[in-house]
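Structure, as structure tokens:
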Amino acid sequence: MSQPLLEVRELSRRFGGLLAVDRVSFAVQPGEIFGLIGPNGAGKTTLFNLISGVTPPSSGAVLWRGEPITGQPPHRLNRLGLARTFQNLRLFEGLSVLENVLVALQRRPRSSAAGGLLNSAGHRRAERQRLQAAWQLLEELGLTALAERQAGTLAYGDRRRLEMARALATGPSLLLLDEPAAGLNPAEKDQLCQLIGGLRQRHQLTVIIIEHHVPLLMRLCDRMAVLDFGVRIALGTPEEVRRDPQVIEAYLGTGGHAS
Amino acid sequence: MIETLLQTLLNGAASGGVYALVALGYTLVFSVLGVINFAQGALFSVGGYLTFLLMGGRIGVNGALPGWGLPGGLPFWLALLLAAAGSGLVGLLVERVAFAPLRRRNAEPLLALITSLGAGVVLVNLLQLLMGAEGYAFPHGSDALGGLPDALVIAGARIRTIQLLLLLISAAAVLALSLWLERSRGGRALRAVAEDATTAQLLGIHSEAMVRLAFFLSGALAGLGGGLIGVSVSLPGPYFGIGYGLKGLAVLVLGGLGSVPGAIAGGLLMGLAEALVPSEASGWRDALAFAILFVVLLLRPRGLLGRRTVEKV
Numbered sequence: 328m329s330q331p332l333l334e335v336r337e338l339s340r341r342f343g344g345l346l347a348v349d350r351v352s353f354a355v356q357p358g359e360i361f362g363l364i365g366p367n368g369a370g371k372t373t374l375f376n377l378i379s380g381v382t383p384p385s386s387g388a389v390l391w392r393g394e395p396i397t398g399q400p401p402h403r404l405n406r407l408g409l410a411r412t413f414q415n416l417r418l419f420e421g422l423s424v425l426e427n428v429l430v431a432l433q434r435r436p437r438s439s440a441a442g443g444l445l446n447s448a449g450h451r452r453a454e455r456q457r458l459q460a461a462w463q464l465l466e467e468l469g470l471t472a473l474a475e476r477q478a479g480t481l482a483y484g485d486r487r488r489l490e491m492a493r494a495l496a497t498g499p500s501l502l503l504l505d506e507p508a509a510g511l512n513p514a515e516k517d518q519l520c521q522l523i524g525g526l527r528q529r530h531q532l533t534v535i536i537i538e539h540h541v542p543l544l545m546r547l548c549d550r551m552a553v554l555d556f557g558v559r560i561a562l563g564t565p566e567e568v569r570r571d572p573q574v575i576e577a578y579l580g581t582g583g584h585a586s
Numbered sequence: 081m082i083e084t085l086l087q088t089l090l091n092g093a094a095s096g097g098v099y100a101l102v103a104l105g106y107t108l109v110f111s112v113l114g115v116i117n118f119a120q121g122a123l124f125s126v127g128g129y130l131t132f133l134l135m136g137g138r139i140g141v142n143g144a145l146p147g148w149g150l151p152g153g154l155p156f157w158l159a160l161l162l163a164a165a166g167s168g169l170v171g172l173l174v175e176r177v178a179f180a181p182l183r184r185r186n187a188e189p190l191l192a193l194i195t196s197l198g199a200g201v202v203l204v205n206l207l208q209l210l211m212g213a214e215g216y217a218f219p220h221g222s223d224a225l226g227g228l229p230d231a232l233v234i235a236g237a238r239i240r241t242i243q244l245l246l247l248l249i250s251a252a253a254v255l256a257l258s259l260w261l262e263r264s265r266g267g268r269a270l271r272a273v274a275e276d277a278t279t280a281q282l283l284g285i286h287s288e289a290m291v292r293l294a295f296f297l298s299g300a301l302a303g304l305g306g307g308l309i310g311v312s313v314s315l316p317g318p319y320f321g322i323g324y325g326l327k328g329l330a331v332l333v334l335g336g337l338g339s340v341p342g343a344i345a346g347g348l349l350m351g352l353a354e355a356l357v358p359s360e361a362s363g364w365r366d367a368l369a370f371a372i373l374f375v376v377l378l379l380r381p382r383g384l385l386g387r388r389t390v391e392k393v
């Protein structure tokens with residue numbers, strides 16, 4: 328097996344008396360789409376917070392291409408190539424759609440603050456490149472027509488895609504998607520599935536995705552892990568996970584999960 | 081009659097411009113941290129004294145080093161610019177001692193009101209220790225203004241050049257800041273941090289650095305205001321900035337907390353209203369200013385241009 332892009336080792340997080348994440352381990356290979364499922368309160372979003380540096384873990388380690396990155400601040404992790412979206416959408420609502428993406432392109436390509444003050448040729452070129460990259464992402468996610476709209480005024484599905492465009496703008500190699508299909512209708516869920524597959528191809532992405540809609544996840548993921556009360560109870564291909572007796576008991580029930 | 085009115089309006093707009101500078105300083109810090117920096121008035125004083133020293137002013141008899149002064153004297157423009165930058169650095173220091181430690185410990189944000197007030201008091205007292213409590217007057221006349229005449233005659237009205245400069249410089253600073261916030265990469269990042277610092281950080285923006293930038297700019301705006309008022313009126317003592325700090329706070333609330341256009345509109349309204357108080361009743365100026373604030377808040381609790389605050393669930 329090649330070097331994993333991201334590895335989580337015995338990661339735990341305690342909130343007061345509650346062990347939200349309990350010694351969870353798994354490794355994600357480059358190029359993989361990796362699913363995380365589990366009932367509400369199983370610790371999935373907490374796990375994302377630990378990986379992306381929003382919350383420090385109580386114990387355990389996160390490794391990036393084999394190097395420990397535990398406890399680094401989010402902006403450092405983002406510069407390494409880690410980006411995420413939120414379950415309950417956190418757009419910059421007062422900024423336009425285009426600006427939301429531009430903010431995330433801040434560091435690509437590099438240009439100095441002094442260049443900005445002097446409005447140097449290099450700085451102008453960098454700003455042009457950023458604009459170009461932003462428009463390209465908006466087009467890829469079907470948001471071109473909404474570019475000048477204030478993000479707070481967008482419809483739900485558009486907001487979800489804008490959040491993905493913004494995360495992609497930071498040039499990640501690993502994208503963490505927190506319930507990207509929540510609130511979408513079946514047709515939109517299908518489109519999202521294709522979109523995520525396409526994005527992986529075009530941006531050479533590795534994806535970790537939290538999702539409640541099990542059929543979508545089964546179709547999309549190469550491998551998945553199941554969390555229950557903070558504990559990883561299963562890990563494997565969708566087929567393996569589907570047959571796992573512990574999973575059937577804890578989460579899927581007998582006839583699968585309706586969402 | 082017309083001349084007097086013109087002069088009055090110009091004076092009002094000029095002090096309104098300075099109020100807007102102070103209010104914008106509050107706005108910058110408020111929008112990224114959600115708290116008021118009560119050291120803003122002290123930074124205003126710092127800017128005034130720095131401008132005085134940089135223009136070649138000497139420390140008076142009650143100061144720490146009576147008779148001492150910087151060698152040579154810089155022209156007004158350069159002194160003002162450097163004093164603003166210096167006040168910005170002092171603003172960074174205020175952030176470091178009064179805000180950063182509380183943030184690191186996740187303390188209640190309101191505590192920063194007290195720590196920043198404390199930092200402001202210390203600053204004013206340091207100024208008093210260094211410069212003494214006496215007032216200082218700037219040298220007036222052409223050499224202070226780099227060859228410009230002391231007064232201009234426009235449309236039959238005699239206008240003090242410095243009042244016009246005051247208005248132009250504060251307008252330029254306000255305009256530059258608004259453009260920077262609206263158009264530039266850094267301004268965009270600052271607005272993103274103001275909306276949601278954690279998310280901005282997850283997108284690779286160094287939120288802490290943007291907070292420091294906000295404090296630097298905020299201190300520089302206050303310092304610029306202090307320098308301008310010092311040159312145009314005088315430095316009546318180390319506490320002189322506190323009054324402007326309070327007035328700026330009133331303007332901030334008047335315009336709407338966190339709103340840049342609101343701070344500008346509020347500043348102009350306040351300055352013009354004060355200028356229209358006849359000089360025989362000048363003791364009533366502050367009363368009028370705060371009465372306006374009172375009435376506006378009764379009618380529009382969000383301030384003139386404040387946005388309705390949306391409670392996030």
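Chains as they are written, first to last, in my numbering: chain S, 328 to 586; chain F, 81 to 393.
Here a beta-carbon is modelled for each residue, glycine too, at the ideal position from N, C-alpha and C.
6 Å Cβ shell around residue i - same chain, five flanking residues per side excluded
| i | result |
| --- | --- |
| S/Asp-549 | Glu-359, Ile-360 |
| S/Phe-342 | none |
| S/Ser-329 | none |
| S/Pro-357 | Leu-332, Thr-533 |
| S/Glu-515 | Gly-484 |
| F/Gly-105 | Gln-120, Ser-298, Leu-301, Ala-302 |
| S/Ser-386 | Ser-339 |
Listed by chain order, chain S residues near residue i by CB distance under 8 Å
| i | result |
| --- | --- |
| F/Arg-440 | The structure shown has nothing for residue 440 of chain F, since chain F only spans 81 to 393. |
| F/Ser-287 | His-402 |
Beta-carbon contacts of residue i that lie in its chain and below 8 Å, excluding the five residues immediately before and after
| i | result |
| --- | --- |
| F/Val-170 | Leu-123, Val-126, Leu-203, Gly-299, Gly-303 |
| F/Val-98 | Leu-246, Ser-250, Gly-305, Leu-308, Ile-309, Tyr-324, Gly-347, Gly-351 |
| F/Thr-241 | Leu-225, Leu-228, Pro-229, Asp-230, Ala-231, Leu-232 |
| F/Ser-314 | Gly-215, Tyr-216, Ala-217, Phe-218 |
| S/Ala-474 | Ser-423, Val-424, Leu-425, Trp-462, Leu-465 |
| F/Ser-222 | At F/Ser-222, the pLDDT of 49 sits below 50, so the modelled position is not reliable; the number obtained from the coordinates is stated separately. Result list for F/Ser-222: Leu-228, Pro-229, Asp-230, in chain order. |
Partner residues on chain S for residue i, Cβ-Cβ distance less than 9 Å
| i | result |
| --- | --- |
| F/Ala-272 | Phe-419, Leu-422, Glu-426, Asn-427, Val-430, Ala-431, Gln-433 |
Partner residues on chain F for residue i, Cβ-Cβ distance less than 7 Å
| i | result |
| --- | --- |
| S/Ser-379 | Leu-282 |
| S/Thr-587 | Here chain S covers residues 328 to 586 and nothing more, so residue 587 of chain S does not appear. |
| S/Arg-493 | Leu-283 |
Own chain partners of residue i with C-beta closer than 7 Å, once the 5 adjacent residues on each side are dropped
| i | result |
| --- | --- |
| S/Asn-405 | Thr-497 |
| F/Leu-209 | Ala-144 |
| F/Met-290 | Val-112, Ala-269, Leu-270, Val-273 |
| S/Arg-488 | Leu-468, Gly-469, Leu-470 |
| S/Ala-543 | For the sequence presented, residue 543 of chain S should be read as Leu rather than Ala. The residues are Ala-508, Lys-516, Cys-520. |
| S/Pro-400 | Gly-380 |
Interface residues of chain S facing residue i [CB-CB closer than 7 Å]
| i | result |
| --- | --- |
| F/Asp-276 | Arg-417, Phe-419 |
| F/Thr-279 | Arg-417 |
Neighbouring residues, chain F, relative to residue i (Cβ below 8 Å)
| i | result |
| --- | --- |
| S/Arg-406 | Gly-284 |
| S/Glu-454 | Arg-265 |
| S/Arg-411 | Leu-282 |
Identified DSSP bridge partners for residue i
| i | result |
| --- | --- |
| F/Pro-316 | In DSSP, F/Pro-316 forms no bridge with anything. |
| F/Ile-234 | F/Ala-237 |
| S/Glu-334 | S/Ala-354, S/Leu-390 |
| F/Tyr-216 | F/Leu-315 |
| S/Asp-555 | S/Val-558 |
| S/Val-348 | S/Arg-340 |
| S/Asp-505 | S/Ile-537 |
| S/Arg-434 | Looking at the DSSP assignment, S/Arg-434 forms no beta bridge with any residue, so it has no partner. |
| S/Gly-563 | S/Met-551 |
| S/Gly-362 | S/Ile-536, S/Met-551 |
| S/Gln-477 | S/Ser-423 |
| F/Arg-263 | F/Arg-263 is not bridged to any residue. |
CB contact below 8 Å: residue i versus chain A
| i | result |
| --- | --- |
| S/Phe-375 | Note that chain A does not occur in the displayed structure, where the protein chains are S and F. |
| said: To test your reading of the DSSP string, which unbroken alpha helix (DSSP H) runs of 4 or more residues are found completely within the region 509-546 of chain S? | reply: 513-530
| request: For the region 384-399 of chain S and the region 551-559 of chain S, state whether three or more C-beta atom pairs, one from each stretch, are separated by less than 8 Å. | output: By the criterion of at least three beta-carbon pairs nearer than 8 Å, the region 384-399 of chain S is not in contact with the region 551-559 of chain S.
| query | Counting pairs of beta carbons, one from the region 326-335 of chain F and one from the region 88-102 of chain F, are three or more of them closer than 8 Å? | reply | yes
| Does the region 524-541 of chain S come close enough to the region 495-510 of chain S that 3 or more CB-CB pairs lie under 8 Å? | Because the criterion of three Cβ pairs below 8 Å is met, the region 495-510 of chain S and the region 524-541 of chain S touch.
| field | Runs of alpha helix (DSSP H) wholly within the region 388-422 of chain S (minimum 4 residues, chain order) | value | Uninterrupted alpha helix (DSSP H) stretches at least 4 residues long and entirely within the region 388-422 of chain S occur at 401-407, given in chain order.
| Start-end ranges of the alpha helix (DSSP H) lying completely within the region 150-187 of chain F, minimum 4 residues | 156-174, 180-184
| Does the region 126-135 of chain F come close enough to the region 157-167 of chain F that 3 or more CB-CB pairs lie under 8 Å? | Using a C-beta cut-off of 8 Å, the region 157-167 of chain F makes contact with the region 126-135 of chain F, since at least three inter-stretch Cβ pairs fall below that distance.
| said: Taking 8 Å as the cut-off, does the region 255-263 of chain F touch the region 405-422 of chain S (at least 3 CB pairs, one atom from each stretch)? | reply: no
| query | Hey, is the region 83-97 of chain F in contact with the region 268-284 of chain F, meaning 3+ C-beta pairs nearer than 8 Å? | reply | For the pair of segments examined, the region 83-97 of chain F was found not to touch the region 268-284 of chain F: the number of CB pairs separated by less than 8 Å stays below three.
| Can you find at least 3 beta carbon pairs, one from the region 364-377 of chain F and one from the region 333-343 of chain F, that sit closer than 8 Å? | yes
| request: Could you tell me whether the region 345-353 of chain S touches the region 369-383 of chain S, where touching means 3 or more Cβ pairs closer than 8 Å? | output: yes
| message | Which complete alpha helix (DSSP H) runs does the region 306-393 of chain F hold, if anything under 4 residues is left out? | response | 320-335, 340-355, 365-379
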